[in-house]
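**Q** Have a look at the structure that comes next, please.
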Amino acid sequence: MPTCLTTRFTERFGLDHPIALAPMDKISGGALAAAVSEAGGLGLIGGGYADGPWLAQALAQAGNRPVGVGFITWSALEHPETVEIALNANPKALMVSFGDAEPLVEAAQAKGIPVIWQVQTLAQAKQALAAHADVIVAQGQEAGGHGMSRGLMSLLPTIRDLAGKEQIILGAGGIADGRGLAAVMMLGGDGVLMGTRFWACQEASGPQSAKDRMLGLGGDDTIRSKVFDVARDAGWPWHFTGRVVRNRFLNQWHDDPDLQARAPEAQAAYDASDEEDYGTRVLIAGEALDLIRDLPTAAEIVERTSAEAASLLRGAASTL
Ligand SMILES: Cc1cc2nc3c(=O)[nH]c(=O)nc-3n(C[C@H](O)[C@H](O)[C@H](O)COP(=O)(O)O)c2cc1C
314 MPTCLTTRFT
324 ERFGLDHPIA
334 LAPMDKISGG
344 ALAAAVSEAG
354 GLGLIGGGYA
364 DGPWLAQALA
374 QAGNRPVGVG
384 FITWSALEHP
394 ETVEIALNAN
404 PKALMVSFGD
414 AEPLVEAAQA
424 KGIPVIWQVQ
434 TLAQAKQALA
444 AHADVIVAQG
454 QEAGGHGMSR
464 GLMSLLPTIR
474 DLAGKEQIIL
484 GAGGIADGRG
494 LAAVMMLGGD
504 GVLMGTRFWA
514 CQEASGPQSA
524 KDRMLGLGGD
534 DTIRSKVFDV
544 ARDAGWPWHF
554 TGRVVRNRFL
564 NQWHDDPDLQ
574 ARAPEAQAAY
584 DASDEEDYGT
594 RVLIAGEALD
604 LIRDLPTAAE
614 IVERTSAEAA
624 SLLRGAASTL
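Counting from 314, one number per residue, gives the positions in the sequence shown under this note's numbering.
In structure tokens, the structure reads:
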């Protein structure tokens, strides 16, 4: 379905809708990324912690559908062989987030692959601009998964002011429907990157029990925390926190000043639990849970988000 929302982002990437799938580690597998791209958005496979064999399999699953790949920067820099797998597949874009991505930008752009750099602060936006990132994603603290503490409402327009009107900028964090997309466009964005909304959809790779659980939760049930990074020994730089669903395990450790010192104890308890024991295991999701009450297909999410935003923007004139 062609959109009436034409932006610098849709024009640059040949999209029908100004909507990108967040590269949510192994949740954004080949099937989900391909479904978003087929629906006219930009699907990004979650290269996450740079697991080469998994990435090769996800790319194969996407087949000849035009998808990109997104990495956690600090992890990708430790696994150049996995970055090579991504770049050799000639992805539609390489997305980087969380760290000094200049070497990845250079490697991708040398092959003519556009780079999407997700930032959490103005200082990072300046860094991404200096590196000539093709797209900047302004990520607000509302977002599911890793990030920092700034809200989207002032971060995005300030990055627009800084970057000038030609730079392609997306908004991310707390967006799950056309209201969020329309708001981002009014803040100066060219589109959105959505994670949590696509996690709760049919093609997302992940247990059905997790998807079902999200339908009964809201933003108030989430919190930014370090607990699961420590419990999973994930190697995250300390200044990034992860927005996750609160559970018994998190409540036990979140305010413990000795969390780092007691890491082996937390890790042992975490590892001993069943993978679908949501009293202990992490469920990564953002404040957008408030707006998620169904498990549609990725195509339905893309189409209704875009159509609702177009209708709202068209109707806005009647309030003048
Ligand atoms: C389950 C989950 C996993 C995520 N994993 C990654 C990741 O591997 N790499 C990354 O750059 N961002 C990751 N993110 C963050 C997204 O890039 C994006 O900023 C976020 O999903 C946007 O906010 P929203 O969840 O409110 O839509 C993840 C988000 C979620 C919800």
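Yeah, the Cβ is synthetic: ideal placement off N, Cα and C, and Gly gets one too.
1. Would you please state the rounded distance, in angstroms, between the beta carbons of glutamine 374 and glycine 327? I believe it to be under 8 Å.
2. Do leucine 468 and alanine 485 have their C-beta atoms within less than 8 Å of each other?
3. Between alanine 329 and aspartate 584, what straight-line distance do the alpha-carbon atoms span, to the nearest angstrom?
4. Rounding to the nearest angstrom, what Cα-Cα distance links leucine 442 and serine 586 in this structure?
5. Whose C-alpha, out of Val450, Met466, Ala612 and Val540, is nearest the C-alpha of leucine 572?
6. Does the structure place the stretch 475 to 485 close enough to the stretch 416 to 425 that three or more beta carbon pairs sit under 8 Å?
7. Write down the C-beta distance between leucine 357 and valine 380 rounded to the nearest angstrom, noting that I regard them as a contact closer than 8 Å.
8. Spell out the partners DSSP gives isoleucine 398 in its beta bridges.
9. With a threshold of 6 Å on Cβ separation, who are the neighbours of phenylalanine 322 within its own chain once the five nearest residues in sequence on each side are excluded?
10. Could you check whether the Cβ of glutamine 580 sits closer than 7 Å to any heavy atom belonging to ligand 1?
11. Check this for me: beta carbons of alanine 406 and leucine 355, under 8 Å apart or not?
12. For glycine 502, list the residues DSSP reports as bridge partners.
13. For serine 350, does the count of other Cβ atoms within 10 angstroms reach 16, so buried, or fall short, so exposed?
14. Report the three-state DSSP secondary structure of isoleucine 340 (helix, strand or coil).
15. Taking the DSSP output, what are the residues bridged to alanine 333?
16. Taking valine 409 as part of the alpha helix (DSSP H), name the residues at either end of that continuous run.
17. Shorter than 7 Å, the distance from the beta carbon of glycine 504 to the closest heavy atom of ligand 1, or not?
18. Within its chain, find whatever has a CB closer than 6 Å to the CB of arginine 537; leave out the 5 residues flanking it on each side and keep chain order.
19. Please classify glutamate 455 as buried or exposed, where buried requires at least 16 neighbouring CB atoms within 10 angstroms.
20. Within the same chain, show all residues whose beta-carbon is closer than 7 Å to that of valine 615, passing over the 5 residues directly before and after it, in chain order.
21. What are the start and end residues of each continuous alpha helix (DSSP H) run of 4 or more residues lying completely inside the stretch 480 to 553, in chain order?
22. Give a single yes or no on whether isoleucine 385 has its beta carbon closer than 7 Å to a heavy atom of ligand 1.
**A** Judging by the given coordinates:
1. Not really, about 22 Å apart at Cβ, beyond 8 Å.
2. no
3. Correcting the residue identity first, residue 329 is aspartate in this sequence and not alanine. The straight-line gap from Cα to Cα measures roughly 43 Å.
4. 43 Å
5. Val540
6. no
7. 7 Å
8. None; isoleucine 398 has no bridge partner.
9. Pro331, Ile481, Asp503 and Gly504
10. no
11. yes
12. In DSSP, glycine 502 forms no bridge with anything.
13. buried
14. helix
15. Leu355 and Leu506
16. Valine 409 -> not in any alpha helix (DSSP H); beta strand (DSSP E) instead, spanning 407 to 410.
17. no
18. Thr554 and Arg556
19. buried
20. His330, Ile332, Val349, Ala352, Gly353 and Gly354
21. 491 to 499, 509 to 512, 521 to 527 and 540 to 544
22. yes
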